[in-house]
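Enquirer: Residue numbers (this note's numbering): 6 to 97.
As structure tokens, then:
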């Protein structure tokens, strides 16, 4: 459930969810939205927390170790990665 398609299924299942939302609210909303068993399984595996927004949920979705990308489909950053930020500085 880490491909872009999986992410879109999660987004659809959580459309209209009011934040902040805890695990129970997330799963309850997805169930009411008709999410399939795969999506519900992923949401049930989320760390126990109160989520501020959808992006925080998507960042918390467990990844398949065979897949080298997070739920959003972008390459996963490693400890040695750096990216340029506004102002020409570097972000660790």
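We treat Cβ as the ideally placed atom computed from N, Cα and C, and that holds for glycine.
#1: Near residue 67, what residues of its chain come up, given a Cβ to Cβ distance below 6 Å and the 5 sequence neighbours on each side ignored?
#2: May I have the straight-line CA-CA distance separating residue 62 from residue 45, to the nearest angstrom?
#3: Within 10 Å of its beta-carbon, does residue 15 have 16 or more other beta-carbons around it, so buried, or fewer, so exposed?
#4: Could you tell me which residues DSSP puts in a beta bridge with residue 26?
#5: Three or more C-beta pairs under 8 Å: does that hold for the region 50-59 against the region 34-42?
#6: Please look up how many angstroms separate the CB atoms of residue 58 and residue 24, rounded, as I've assumed it's under 8 Å.
#7: Is it buried or exposed, residue 11, if we count other Cβ atoms within 10 angstroms and call 16 or more buried?
#8: Is residue 20 buried or exposed, if buried means 16 or more other CB atoms sit within 10 Å of its CB?
Expert: With the structure as the only source:
#1: 50
#2: 13 Å
#3: buried
#4: 56
#5: no
#6: 5 Å
#7: buried
#8: exposed
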